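In the UniProt record's numbering, the protein residues as written are 1 to 622. Note that the Cβ used here is the ideal one computed from N, Cα and C, for glycine as well. Here the structure is a predicted model, which means the values were calculated and not measured. Remarks on the structure that follows.
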């Protein structure tokens, strides 16, 4: 047993909050302090073992003794709640970031990561001994920094998994070929760390790499049994590899929930040490399902704790309130880290700013919020939290344009944030008025300020002959045509998602996009899935083209940048997906009469994260 105060462990998630020296910063302390109280243990983000092996320029390190003092502070912040800490040690091998100057790349063989990366050098004995020494020295520093345990990353396609995987390990020496041979180097690392440290050692593995050429669960039964014999304290089972199967690595909404739990349950029957269950566990129902099906499991929560720092506390009944749901979209967390901005979250505007709690307003005001999309709902809740009296106006359905977001294939989890906001509005007794707002509604009802969250509407291009067209209608199943020829004008995020929906009904889809790529702005995992699907269904895509004329709604003229024209014939239906334009005419009618705050797409059409964040910040300022 791991002797934790409860079953919940914070899984390691990259934050990107460090400086370029790999040091612990105040932002780390704030982030983990906000989440640690009701957890049994916290595994901070992966710690790099060598400055030349970083995945992020802003990753925390444990490569040098000068990191120990900062890690001690971090441990103190977490352990003040009786919560244990686990140092996650990882050698990325070929997955060291090629964009970071000074990084080097080694692996079992010289196979390049198919998801992008530099060609690695096949490791010789000296390379292997050096890698072992990095783990050993990091383990010693972990002990000195007051960590309670160590976790070795042997999964997800990192160095140890590169030796374990027959798809990557092409060696002909004693470290390649059979599973026994492929296990040798990871076991050498484990044995060396065991010898160097008396801290309990957890090993994180991928139960299955989730592609035919990789290793599979039966292999990991054997490997885990060997780790148990050698003294492992627990196995932390996840799935996938960042190179070959990123959706499994990130537990994205596009993959089946629960597969990792099934594998962990099967492993639990093969070994006598604890198995840690992980993978898109983001609702009380998930926890109840795991607890009901398996024997006293440890549960690792990842992005669920990003979306709601009090997830475990609320589940355990120690904190009040509804859990703010993680959508498994990877948009704010993965997207923020990859962009260099650090971890963020679509649904939680306070990630990384947990100490910046909105103060009570100096004077309570009567405020109108116009528009009940994500921005309007967030603004209303934050204003109410600060003590204001709020009326929320929405002419149609709460959720606004985001009610379309979960209609494309495999995106149904996005609906949960609208359900969350509706529940919170009701529980906070925020009055919702369903009507189209006029200026007189604002000026004649005693409001002292107004927040305009009026969103955006489709931007329709001035195409000659365009009379009949569709936009979001085809996202609704009941409106979806079948066996038709459909032209989608605009190949951005919306156009690509509509096209993905259309091909499910055997429609012949053609996309015309003015820019030089389609699915621009789409989250990277969704984009890869969507483009592969469009290719599979023979969607014809014209980039660097524009539609110039529509003849009788069945013939369409398109033109490239050089002025060359082409006619598309026998078009049955046309979809316009050429972007959005802000709706904010109330701003001009109210200027000079009442203080006006504009939020969300009414400022500029953007993504859900920006809408929620602008609303939160505006509501804090009133």
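For residue i, the first and last residue of its enclosing beta strand (DSSP E)
i	result
residue 589	Careful: residue 589 lies outside any beta strand (DSSP E), inside the alpha helix (DSSP H) at 585-590.
residue 549	545-551
residue 458	456-458
residue 597	596-598
residue 29	Unbroken run through residue 29 is the alpha helix (DSSP H), 26-36; no beta strand (DSSP E).
residue 431	431-433
residue 711	Past the edges of the chain, shown from 1 to 622, lies residue 711, and the structure says nothing about it.
Cβ-Cβ separation, residue j to residue i (assumed contact under 8 Å), whole Å
i	j	result
residue 52	residue 104	5 Å
residue 146	residue 67	Actually they are not in contact, since the Cβ atoms of residue 146 and residue 67 sit about 13 Å apart, beyond 8 Å.
residue 40	residue 7	6 Å
residue 199	residue 182	About 26 Å; that fails the 8 Å criterion.
residue 470	residue 574	7 Å
residue 612	residue 374	5 Å
residue 387	residue 368	Their Cβ separation, rounded to whole angstroms, is 16 Å, which puts residue 387 and residue 368 out of contact at 8 Å.
residue 371	residue 452	7 Å
residue 38	residue 313	4 Å
residue 221	residue 267	7 Å
residue 347	residue 405	Not really, about 12 Å apart at Cβ, beyond 8 Å.
residue 154	residue 349	Going by Cβ atoms, the distance from residue 154 to residue 349 rounds to 36 Å, so no, they are not a contact pair.
N- and C-terminal bounds of the alpha helix (DSSP H) containing residue i
i	result
residue 496	493-503
residue 139	125-144
residue 164	159-164
residue 568	Not the alpha helix (DSSP H): residue 568 falls in the beta strand (DSSP E), residues 565-568.
residue 75	68-79
residue 418	415-427
residue 443	439-443
DSSP bridge partner residues for residue i (one or two, in chain order)
i	result
residue 389	366
residue 87	150
residue 619	Paired residue(s): none; residue 619 is not in a bridge.
residue 452	370 and 598
residue 580	458
residue 107	122
residue 41	9 and 84
residue 168	Paired residues: none, contrary to the question.
residue 47	89
residue 156	241
residue 573	486
residue 61	48
residue 399	373
Residue i: CB within 6 Å of a non-hydrogen atom of the ligand COA
i	result
residue 202	By its list of ligands, the structure shown contains no ligand whatsoever, and the ligand COA lies outside what it can speak to.
Burial state of residue i, where buried means 16 or more other Cβ atoms lie within 10 Å
i	result
residue 3	exposed
residue 126	exposed
residue 563	exposed
residue 440	exposed
residue 423	exposed
residue 566	exposed
residue 284	exposed
residue 1	exposed
residue 521	exposed
residue 251	buried
residue 298	buried
residue 20	exposed
residue 14	buried
residue 230	exposed
residue 434	exposed
residue 401	buried
residue 523	buried
residue 152	buried
residue 548	exposed
residue 515	exposed
residue 468	exposed
residue 80	exposed
residue 76	exposed
residue 204	buried
residue 501	buried
residue 532	exposed
residue 99	exposed
residue 46	buried
residue 296	exposed
ask   = In the stretch 171-208, which residue ranges form an unbroken alpha helix (DSSP H) of at least 4 residues, counting only runs that do not cross its ends?
value = Those alpha helix (DSSP H) runs which fall completely within the stretch 171-208 and span 4+ residues are 179-196.
inquiry  = Please give me, in chain order, every unbroken run of the beta strand (DSSP E) with length at least 3 that falls completely inside the stretch 465-543.
reply    = Those beta strand (DSSP E) runs which fall completely within the stretch 465-543 and span 3+ residues are 485-489, 508-512 and 540-542.
message = Which complete beta strand (DSSP E) runs does the stretch 220-262 hold, if anything under 3 residues is left out?
response = Fully enclosed beta strand (DSSP E) runs of 3 or longer: 234-238.
ask   = Of all the alpha helix (DSSP H) runs that stay within the bounds of the stretch 269-345, which reach a length of 4 or more residues?
value = Qualifying alpha helix (DSSP H) stretches, in chain order: 284-293, 303-307, 311-315 and 333-339.
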